[in-house]
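**Q**
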Amino acid sequence: MAETNRRQIIFVCKKIIDLFPRSSFEKDPFRVLIATILSQRTKDENTDKASKKLFESFPDVYSLSMAKPSQIYDLIKASGMYRQKAERIIKVSQIIVEKFNGKIPANLHDLLSLPGVGRKTANIVLYHCFCQPALAVDTHVHRISNRLGFVKTKTPEQTEEGLKKIIPEKFWGPINGAMVEFGKKVCLPRKPKCQECPVNKYCEYFNSIKFSENGKN
DNA sequence: AAAACGGGGGC
DNA sequence: GCCCCAGTTTT
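Residues 1 to 217 in the UniProt record's numbering are what the first sequence lists, from first letter to last.
#1: Measure the C-alpha to C-alpha separation of I76 and M179 and round it to an integer number of angstroms.
#2: If we count Cβ pairs, one from each stretch, closer than 8 Å, do we get three or more for the stretch 120-137 versus the stretch 161-177?
#3: Closest by CA to K193, which one among I144, D44, P174, V97?
#4: Could you give the first and the last residue of the continuous alpha helix (DSSP H) run that contains I34?
#5: Can the beta-carbon of E181 be found closer than 9 Å to that of F25?
#6: Does DSSP put T42 in a helix, a strand or coil?
#7: Measure the alpha-carbon distance for V32 versus K68 and round it to whole angstroms.
#8: Give the range of the alpha helix (DSSP H) segment to which R119 is assigned.
#9: Please report the residue range of the alpha helix (DSSP H) in which S63 lies.
#10: Check for me: the alpha helix (DSSP H) holding residue 221 runs from which residue to which?
#11: With a threshold of 6 Å on Cβ separation, who are the neighbours of G80 within its own chain once the five nearest residues in sequence on each side are excluded?
#12: Where do the ends of the alpha helix (DSSP H) carrying N146 lie?
#13: With 16 as the cutoff for other CB atoms within 10 Å, does H142 come out buried or exposed?
#14: Report all residues from its chain with a CB closer than 7 Å to the CB of E61; omit the five preceding and five following residues, and keep chain order.
#15: If you reduce the DSSP assignment to three classes, tell me which class M81 lands in.
#16: Compare the Cα-Cα distances from I9 to each of K53, N146, T47, I209 and report the closest residue.
#17: Which residue from T153, L38, Y73 puts its Cα closest to that of T139?
#18: May I have the straight-line CA-CA distance separating D74 from S208, to the nearest angstrom?
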């Protein structure tokens, strides 16, 4: 890839990071981990409701490790897939108490050994709690990277590989979070708001449709 | 590679 | 009513 192209991609990334900071409040690794598992395939509002209720009754890893699934169904129901998630977060808590001395592991290998924790969840925890370079390509990052023209890929895994070659490590965490915000507010899956997009002049998709339509959507 | 888990909100 | 949501696990 041409160096000018790479420089432009990094420039656009910085711009997105600037304009769409991820609002991160919670830093307690236990709460971030559990809330992130609850957030899988679930809207933020529902995740927030569920995790808030859950932590009122089970505020730490020790109390949750002793819970029974049926005790927390109603607490986390709003997050969907609640029977599965209930079993997983209790099991996760038990493993952390028994194998990791009550501390959430700060490395990818150990995180991935936990039930319900895959690459995306693990990387979110690594970035938010432990400030590690972590790029977890989800549907937002995959869609946006292709739309802007950063990569031309079929799967999120291919996108992850491509982005890691282009973008310096220090931006991996921030760009991941920023693209999620950007994807929710502007670069929507079906009807992206290209007219009000702050990086549309660098966007391959926008530039390809700009002259074929007359400013609709 | 595809199915299954799942309630809540947007359209 | 149908589709989507910072996915992961099982078949």
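Just so it is clear, CB atoms sit at the ideal spot from N, CA and C, and this is done for glycine as well. Quantities reported herein were computed from a predicted structural model and do not represent experimental measurements.
**A** On the basis of the data shown:
#1: 27 Å
#2: yes
#3: I144
#4: 29-38
#5: no
#6: coil
#7: 21 Å
#8: 119-130
#9: 61-65
#10: Outside the modelled stretch of the chain, which goes from 1 to 217, sits residue 221, for which no answer is possible.
#11: T42
#12: 139-148
#13: buried
#14: A small correction: the amino acid at residue 61 is Val; Glu does not occupy that position in the sequence shown. Cβ within range, chain order: F30, S93, I96, V97, G102.
#15: coil
#16: N146
#17: T153
#18: 48 Å
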